[in-house]
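In this text, residue positions in the sequence shown follow the numbering used here: the first is 13, and each later residue adds one. The beta-carbon is built from N, C-alpha and C at its ideal position, and this holds for glycine as well.
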Amino acid sequence: MLDCAEGKSNGEIAASNGVSRQTVSKWRGRFLRHRLQGLSDAPRSGAPRTITDEQVERVVTRTLETKPHNATHWSTRS
């Protein structure tokens, strides 16, 4: 939105942020309608989440602080 305030075009903003002009246009519209709140992620469709933040934290901590048996590091195959 700062680029918008500086008068840059949707094309310029899209190129510098690696997104499409349509995405920038969507961001602008959401900002105009809802101000900063409009830039937050909208709820997504699909199945409800089945893993808690605490579970995610435990997995991340474990992969950072331990390693699998007979391995030097975690990988997608570990």
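Exercise for the section: In angstroms with no decimal places, state the Cα-to-Cα distance between Asp15 and Glu66. Expected result: Taking the sequence shown and counting its residues from 1, the one referred to as residue 15 is at position 3. Taking the sequence shown and counting its residues from 1, the one referred to as residue 66 is at position 54. About 37 Å.
Handout entry: Start-to-end residues for the alpha helix (DSSP H) that takes in Ser37
Key = Along the sequence shown, one-based indexing puts residue 37 at 25. For Ser37, the uninterrupted alpha helix (DSSP H) segment begins and ends at Arg33 to His46.
Handout entry: Assigned exposure category for Trp39 - 16 Cβ within 10 Å defines buried
Key = Within the sequence shown, residue 39 is the residue found at index 27, counting from 1. Classification of Trp39: buried, given that the 10 Å Cβ count is 16 or more.
Problem - Boundaries (first-last residue) of the alpha helix (DSSP H) holding Glu10 - result: The requested residue 10 is not part of the displayed model; the chain covers only 13 to 90.
Handout entry: Asn22 classed as buried or exposed, judged by whether at least 16 other C-beta atoms fall within 10 angstroms
Key = Sequence index remark: in the sequence shown, residue 22 carries index 10 (1-based). Under this definition Asn22 is a buried residue.
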